[in-house]
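Taken in sequence, the protein lines are chains A and B. Quick note on numbering: the first sequence equals residues 1 to 352 in the numbering used here. Quick note on numbering: the second sequence equals residues 353 to 905 in the numbering used here. Take a look at the structure set out below.
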Amino acid sequence: MFRYALKKITYGLAVLAGIVVVVFFLFNILPGDPARMTQGQRSDVQSLEAVRKEFGLDKPVPMQFVYYVNDLLPVAIHESDSTARAKYHYTELVPISPEKSLVAKWPYLRRSYQTKRDVSNILAETIPNTFILATTAMIFATIIGIFLGVISAVNKDTWIDRSANAFAILGISAPSFFAGIIIAWLFGFVLGDYTGLNMSGSLYNYDPFRGEVMNWKNLILPMITLGLRPLAIIVQLTRSAMLDVLNQDYIRTARAKGLSNRQVIYGHALKNALNPVVTAISGWFASLLAGSFFVEYIFGYNGLGKATVDALELSDFPVVMGSILFVAFIFVIINILVDIAYAFLDPRVKLT
Amino acid sequence: MSNSPGNPPFSKHIIPYTFLIILLFSLLGCAEKNQDKGKKVFNINLNEGLTSLDPAFARNQNALWMVNQLFNGLVQVDDSLKTVPAIARSWEISADGRTYTFFLRPDVYFHDNPLFPQGKGRKVVAADFVYSYSRIIDPKIASSGAWIFNDKVNGKDAFKALSDSVLQITLKKPFTPFMSMLTAQYCSVIPHEVAEHYGKDFRNHPVGTGPFRFKYWKEGEILVMLKNEKYWETDGTNKLPYLDAVKATFISDKQTAFMEFIKKNLDFFNSIDGSYRDDILTKSGKMTKKYQGKFQLRTGPYLNTEYLGILVDTSMAIVQSSPLRDKKIRKAINYAIDRRKMIKYLRNSIGTPAHAGFIPKGMPGFDMEKVKGYEYNPAKAKRLLSEAGFPNGKGMPEIKLQTSTTYKDLIEFVQGELNGIGINCRVEVNQATSLREQIAKNSINFFRGSWIADYPDGENYLSVFYSKNYVPIGPNYTSFKNRKFDALFERSFLETDNEKRYALYREMDNLVMEESPVVVLFYDQLINLYQNDITGMSNNAQNLLILKRVIKK
Chain A
1 MFRYALKKIT
11 YGLAVLAGIV
21 VVVFFLFNIL
31 PGDPARMTQG
41 QRSDVQSLEA
51 VRKEFGLDKP
61 VPMQFVYYVN
71 DLLPVAIHES
81 DSTARAKYHY
91 TELVPISPEK
101 SLVAKWPYLR
111 RSYQTKRDVS
121 NILAETIPNT
131 FILATTAMIF
141 ATIIGIFLGV
151 ISAVNKDTWI
161 DRSANAFAIL
171 GISAPSFFAG
181 IIIAWLFGFV
191 LGDYTGLNMS
201 GSLYNYDPFR
211 GEVMNWKNLI
221 LPMITLGLRP
231 LAIIVQLTRS
241 AMLDVLNQDY
251 IRTARAKGLS
261 NRQVIYGHAL
271 KNALNPVVTA
281 ISGWFASLLA
291 GSFFVEYIFG
301 YNGLGKATVD
311 ALELSDFPVV
321 MGSILFVAFI
331 FVIINILVDI
341 AYAFLDPRVK
351 LT
Chain B
353 MSNSPGNPPF
363 SKHIIPYTFL
373 IILLFSLLGC
383 AEKNQDKGKK
393 VFNINLNEGL
403 TSLDPAFARN
413 QNALWMVNQL
423 FNGLVQVDDS
433 LKTVPAIARS
443 WEISADGRTY
453 TFFLRPDVYF
463 HDNPLFPQGK
473 GRKVVAADFV
483 YSYSRIIDPK
493 IASSGAWIFN
503 DKVNGKDAFK
513 ALSDSVLQIT
523 LKKPFTPFMS
533 MLTAQYCSVI
543 PHEVAEHYGK
553 DFRNHPVGTG
563 PFRFKYWKEG
573 EILVMLKNEK
583 YWETDGTNKL
593 PYLDAVKATF
603 ISDKQTAFME
613 FIKKNLDFFN
623 SIDGSYRDDI
633 LTKSGKMTKK
643 YQGKFQLRTG
653 PYLNTEYLGI
663 LVDTSMAIVQ
673 SSPLRDKKIR
683 KAINYAIDRR
693 KMIKYLRNSI
703 GTPAHAGFIP
713 KGMPGFDMEK
723 VKGYEYNPAK
733 AKRLLSEAGF
743 PNGKGMPEIK
753 LQTSTTYKDL
763 IEFVQGELNG
773 IGINCRVEVN
783 QATSLREQIA
793 KNSINFFRGS
803 WIADYPDGEN
813 YLSVFYSKNY
823 VPIGPNYTSF
833 KNRKFDALFE
843 RSFLETDNEK
853 RYALYREMDN
863 LVMEESPVVV
873 LFYDQLINLY
883 QNDITGMSNN
893 AQNLLILKRV
903 IKK
């Protein structure tokens, strides 16, 4: 078991390393000079050189790569002076030479080229927002989806079933970009006075005289948009699973025992129908994190997606790299956990 | 199997359930609407984000706009683009034009901050300017505004505080537009205590002397600035500013931002974009019936020239192999484009067709009569083309025009016009970043560009054609080199009489038009929307946001 887990973790680390290499070299091949992107329309050689030096872009690419990896590694070699200490917040392990020592630290993701803000700072601020958005979208999709799925299975071939089905097809086929604009326009603008919802905005608002206020309502429209597609799929899945189950013998038995319709459906049928639904839900969560990119952009919701799209447009390598690494890290962790969980649960999975 | 016959269990409940859900959502929504009564907050959206509030990095419009609320410099521009006093009460320029002496106001204080003794804002002294300007040219800071001083002064020693209230700047060579240049936001004064304490993070802990002071910034979400109660500038006997606060949001989607403006959640809107331009403006540039009376629409010249650049240095391989090396062909292109039609139909009359030079309308000294550019004349274009050896474009190799996505429609119009006279032109759409890099490296020979005034002096535009600003030293992206132009340009530095200097500018501009390293398309126009209760907005050709005199009823 331990060896199995170790193998999976090694594999995950290899994936992360591969991503670092690919993204780093992709950025170096791509046209667009990051130093120039930090300048206005007018610049001169001195300024450009100063910027290149600051970002370490004046060094040859392989050297830049070595420095970058050294910054990322939790155990790395750094100068032992006070500037480096303030920059990396490290704990010294072993002094190597008078100037350098082996240190332990959190991966240092550098500062944004564009804003000079700490990337870890940007991530720390945007990730919780994205996480909240993805989680609530999933909860919304699950609750409403199962509810609609049950209703349409129970009312098979009535107008309810057909409209739920039509809704599901619409939900699956509408790209979230398009759905987002429509939803923002309809509920935030046309009906804005009735719903009281904003077309855009983030979790926090700030009143100039009162300070920070939480703005949960700004979550509603992006949540619905993001949850729409999983919702549609959950409706379909629940419906077909329910129909399957409702045809089983034990349902007939339950009815024969004289249980009420409600008890049969929720007590007996739904419980059994949920299995495939739950499996599907757990697999989507990670992709919802990724799917939130467009939704965040449209609703001006300050999450990881918006930060990454903005950074990409400006060749802001450290931010893009930071967010890609984070998302990759989450995927890898989830995969490892799932693999290990399967090994526990399913004896057919070989532990080699 | 079947349900209990005749009684589908949920269809009965589905309608009440739905209502319940909708009700719940609306309740959540109505929870609060807060705005302190009587307090006036100016709401603005910055759709391109905000990179920094440090004046040393004020390199794009949004940063300039916000920095302008928080900081002051020695001098500032008024609405007619004249340089007028700010922190410097008055100034003297030595006879040789190299030494500038500034006399500072005694009543300017920095915003309160815990890093000052007792947390009270300290008085601004000449040494603060020495610090701020030296910081701009410090390579360790890597300010994007270093070019302002780099080629004009000999290092930090050029800035001297003669006393607390007297500042002296010594230039390497006389440079008449220097005062105009000092109005740039890069030249704002900052306190060394705060800047040194925060280092790179001064960007989100700004302290200045401006009409508003920094309060809160959640990046990508909200920026709040509050009234500086101790602001030094007055409007007659009234204290400035009139607003109690400025609140900026960061919605990147322009369409959403526009709808927020219609909902009156924003007081000001200026990025009228392709997708809804027709909704707001008629083809002749008036507000459509739908919105008349609902908002104020203000227009005016904007110091931005939109042009096509052409590499002209025949020593470059890329130029030698292109038919564009021939002046006649460049002129033919200039004559072939119907700029009036382009402005009317593609831009809803936002902008002025460029029939003069490279210096845009609105710049002091601009004169359409005295600088002759190109009118639409397809017959002449065809004649020039055949003189160049390609009658009706026959035998002329294909030329490639490069643009970024945003300007695709304009460039495709140009392509149509060129095809109309027989020039075989292909459009290549590039990512903005990579296009910019290629232009800056002289690696493409026909491209779309724009030049926005860094400071309101024609020199800023003409410097683009000065041979000493060749790439990579400066912004001469067309590799234009002309002895006569260089001589005139250098002479203009010494000319202190404005009218005479403007005459020199016009002479140079005519020269550039004759050689045609650029095809000037149009001079841009401001198009600002305000809510009806806003007064006192400044519409200046630099498109600088000035909020200190704004009143919200």
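Backbone N, C-alpha and C fix where the C-beta goes; we use that ideal spot for every residue, glycine too. Note that the structure is predicted; figures quoted are calculated from it, not measured.
Taking C-alpha positions only, G227/A is separated from G303/A by approximately 16 Å. Contact check for V477/B against D516/B passes: the beta carbons are separated by less than 9 Å. Contacts between Y568/B and chain A, judged by CB atoms closer than 7 Å, involve Y206 in chain order. Per the C-alpha coordinates, the member of N892/B, L873/B, V872/B positioned closest to P808/B is N892/B. Remark: three or more beta-carbon pairs, one from each stretch, lie closer than 8 Å, so the stretch 729-740 of chain B and the stretch 674-683 of chain B are flagged as touching. A straight-line Cα-Cα distance of about 15 Å links D71/A and E54/A. For the pair G267/A and G171/A, the Cα-to-Cα distance works out to about 29 Å. Take I9/A, set aside five residues on each side of it, and the residues of its chain with a beta-carbon closer than 7 Å to its own are I336, in chain order.
Its chain contains T225, L226, L228, R229, G291, F294, V295 as the residues whose beta carbon lies nearer than 8 Å to that of S176/A, once the 5 sequence neighbours on both sides are disregarded; these appear in chain order.
For H78/A, the uninterrupted beta strand (DSSP E) run begins and ends at 75-79, by DSSP.
Identification of chain B residues near G56/A by a Cβ-Cβ cut-off of 9 Å yields none; the smallest Cβ-Cβ distance measures about 12 Å. Only those residues of the stretch 602-620 of chain B whose C-beta falls short of 7 Å from the nearest C-beta of chain A are listed: F602, I603, S604, D605, T608, M611, E612, K615.
Closer than 9 Å to the CB of T238/A there is not a single CB belonging to chain B. Residues of chain B whose Cβ lies closer than 7 Å to the Cβ of R42/A are, in chain order, W499, D806, P827. If you look at R565/B, you'll find it in the beta strand (DSSP E) that goes 564-570. Taking C-beta separations shorter than 6 Å and ignoring five residues to either side along the sequence, the partners of I670/B in its chain run N797, following chain order.
Judged by their CB atoms, D503/B and K524/B are nearer to each other than the 9 Å cut-off. Taken through DSSP and simplified to helix, strand or coil, Y297/A comes out as helix. Cβ neighbours of I775/B within its own chain (closer than 6 Å, five residues either side excluded): G745. Ranked by Cα distance from T586/B, the first of G562/B, G471/B, T830/B is G562/B. Going by DSSP, P222/A is part of the alpha helix (DSSP H) stretching over 217-246. Non-local beta-carbon contacts of A609/B in its own chain, meaning distances under 6 Å to residues more than five positions away in sequence, involve N397, N399, I603 in chain order. In this structure, the CA atom of I681/B is about 7 Å from the CA atom of L736/B. Among the residues facing chain B, P175/A is not included, as its CB has no counterpart in that chain under 9 Å away.
Against chain B, the beta carbon of I298/A has neighbours under 8 Å at D605, T608, listed in chain order. In terms of CA proximity to Q236/A, A280/A leads the group D249/A, V213/A, K257/A, A280/A. Taking C-alpha positions only, S323/A is separated from T38/A by approximately 20 Å. In this structure, R555/B places its C-beta atom within 9 Å of the C-beta atom of F409/B. DSSP lists Y452/B, F511/B as the beta-bridge partner residues of I521/B.
Restricting attention to beta strand (DSSP E) runs no shorter than 3 residues, the stretch 552-627 of chain B encloses them at 564-570, 574-579, 597-601, ordered along the chain. Just so you know, the alpha carbons of T666/B and T830/B end up roughly 11 Å apart. For L456/B, no Cβ of chain A is located within less than 9 Å of the residue's own Cβ.
Chain-ordered, the chain B residues with CB closer than 7 Å to the CB of R36/A read R788, E789, A792. Contact annotation: the stretch 96-106 of chain A touches the stretch 68-86 of chain A, with at least three C-beta pairs closer than 8 Å. Between the stretch 537-549 of chain B and the stretch 487-499 of chain B, the count of C-beta pairs closer than 8 Å reaches three or more; the two stretches touch. In this structure, F394/B lies away from V664/B, with their beta-carbon atoms at least 9 Å apart.
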